[in-house]
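**Student:**
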Amino acid sequence: MNEYFVLLISTALVNNVVLVRFLGLCPFMGVSKRIDSALGMGLATSFVIVLAAALSWILGHWLLVPLGLGYLRIMTFILVIAAVVQFTEAVIHKMAPKLYQMLGIYLPLIATNCSVLGLPLINVQQDHGFVTTLVYDFGSALGFTLAMVIFAGMRERLALARVPAAFSGPPIAFVLASLMSLAFMGFSGLNFK
Amino acid sequence: MIAAIFSLTLLGAALGLGLGVAARKFAVEGDPLIDEIEAMMPGSNCGQCGMAGCPAAARAIAEGTASVAACPPGGKALASALAARLGVELDLAALVDAGPQLATISEDLCIGCCRCLKVCPTDAMVGAAKQIHSVIREACTGCGNCVERCPTEAVVMRPVAVTLQHWVWPKPPAAA
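Here the protein sequences come in this chain order: R and Z. Numbering follows my numbering, in which position 26 of the first sequence is assigned residue number 965; successive positions increment by one, without gaps. Numbering follows my numbering, in which position 46 of the second sequence is assigned residue number 34; successive positions increment by one, without gaps.
1. Quick one: Cα of Z:C104 to Cα of Z:R137, how far?
2. Do you know how far the Cα of Z:H154 is from the Cα of Z:T129?
3. Can R:V1102 and R:L947 be called in contact, C-beta distance under 7 Å?
4. Quick check on this structure: which residue in Z:A71, Z:S122 and Z:V156 has the alpha carbon closest to the alpha carbon of Z:L90?
5. For the region 5 to 29 of chain Z, which residues have a CB atom closer than 9 Å to at least one CB atom of chain R, in sequence order?
6. Using beta-carbon positions only, say whether R:M1087 and R:G981 come within less than 7 Å of one another.
7. Excluding sequence positions up to five away, which residues of its chain have a Cβ less than 6 Å from the Cβ of Z:L21?
8. State the Cα-Cα distance for the pair Z:G38 and Z:K106, rounded to the nearest angstrom.
9. Measuring CB to CB, does R:S1079 end up less than 7 Å from R:V956?
10. Where in the region 85 to 119 of chain Z do unbroken runs of the beta strand (DSSP E), each at least 3 residues long, occur, reported from the N-terminal end onward?
11. Could you name the residues of the same chain whose beta carbon sits closer than 7 Å to that of Z:C108, not counting the 5 residues immediately before and after it, in chain order?
12. Would you mind giving the Cβ-Cβ distance between R:A983 and R:L1042, rounded to the nearest angstrom? I have them listed as a contact below 8 Å.
13. Quick one: which chain C residues come within Cβ less than 8 Å of R:V1030?
14. Consider the C-beta atom of Z:A65 and the heavy atoms of the ligand FAD; say whether any pair is separated by less than 6 Å.
15. Which whole runs of the alpha helix (DSSP H) in the region 123 to 156 of chain Z are 4 residues long or more, in chain order?
16. Rounded C-beta distance between R:E1028 and R:L1046? I'm assuming under 8 Å.
17. Looking at C-beta atoms only, is the number of pairs between the region 1048 to 1062 of chain R and the region 1011 to 1020 of chain R that lie closer than 8 Å three or more?
18. My parser needs the alpha helix (DSSP H) runs of 4 or more residues fully inside the region -10 to 14 of chain Z; what are they?
19. Can you give me the Cβ contacts of Z:A164 inside the same chain, cut-off strictly under 6 Å, excluding the 5 residues immediately before and after it?
20. Near R:P1059, what residues of its chain come up, given a Cβ to Cβ distance below 6 Å and the 5 sequence neighbours on each side ignored?
21. Can you tell me which of the three DSSP states R:G1057 falls into?
22. Let me know if R:T950 comes out buried or exposed under the rule of 16 or more other beta-carbons within 10 Å of its beta-carbon.
23. Which residues of chain Z have a Cβ atom closer than 8 Å to the Cβ of R:K1033, listed in chain order?
24. Determine, using beta carbons only, whether R:F1126 and R:V953 come nearer to each other than 7 Å.
25. Compare the C-beta of R:S1117 against all C-beta atoms of chain Z and say whether one is closer than 7 Å.
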């Protein structure tokens, strides 16, 4: 149990998927203008990440490995991710039309979010078991949502700040993102021993 | 080889089936009128009407906030079909269908003020301060924003010159 807790903290904070691994930067910049849409995007991506990783693990271990089809791994994972994203889009369209409007084009773009494909591949690379995979990806998804929400909160404040003309808009957001990334580097000093 | 083809085909079929079931289960019953209008539109999401793609234009037309003649690529045929569907009076003679148009810059009038650059939604205008501007033909959607902005009336909309590469069959005449 303790081991899983450490894994959760280390994926969510220490190896944050956006700020340390630099995966999934498109929605991080694109949908972080308002907290509620950032939270919605974070949750939708989390759902996709966990579901896609679980399906990828099952397919990888029960279909690809027994048949010796390791070379089809990326293709299979992309297939799974695309299907899961379509499914999520249908569910959100039905359950939360307001959120569907807000996420707009970024919702189908979850399919091309590299963290969604990256995490199953990292799982294969590090040879995780099924439960470890779930915890690892849930932690990463949590870290993604956390980074999105914190960043959106700061950008909401930033909209009211007097930013020098040369920096207004995306440039100051990039500066902010790099400072946040630096701040998250501080977590690498965490020691659980 | 056989196993690879078979397993991926099976996987794709299974996922497709799952998505099909999900699409039925989570189907959103939108306004049927909007769906119907959207099906009539060209569907190329060109943005010449100034709205974010054909779904947005279909919604605006259904709500009555946009004219049935709002769609330039649809032309007279679409406008009259929409007018018939929505029961709106439409004077086809007043509807000048000038065909696709592109912004062009009269070089003797351009003063290089850069104002058209800022209003162009597709960055089709190129130029720098006090340099004569130009239009990238492939990027221009013919929205006409730059025409209103130009202080010296150097930007004019001209019909697209027909070349062998651009000629298409003429649109069928509007059904009366």
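Virtual Cβ for every residue (Gly too), placed ideally from N, Cα, C.
**Tutor:** Inspection of the coordinates gives the following:
1. 6 Å
2. 15 Å
3. no
4. Z:S122
5. G6, L7, A10, A11, K13, F14, A15 and V16
6. yes
7. A50
8. 16 Å
9. yes
10. 89 to 93
11. N133 and C134
12. 7 Å
13. Checking the listed chains, one finds no chain C in this structure; the protein chains it contains are R and Z.
14. As far as ligands go, the structure on display features none, and thus does not contain the ligand FAD.
15. 133 to 137
16. 5 Å
17. yes
18. -10 to 13
19. At Z:A164 the pLDDT is 47, less than 50, meaning the model places this residue with poor confidence; the figure from the coordinates comes in the next sentence. Excluding positions up to five away in sequence, the list is empty.
20. A992, S995 and F1016
21. helix
22. buried
23. F14, A15 and V16
24. yes
25. no
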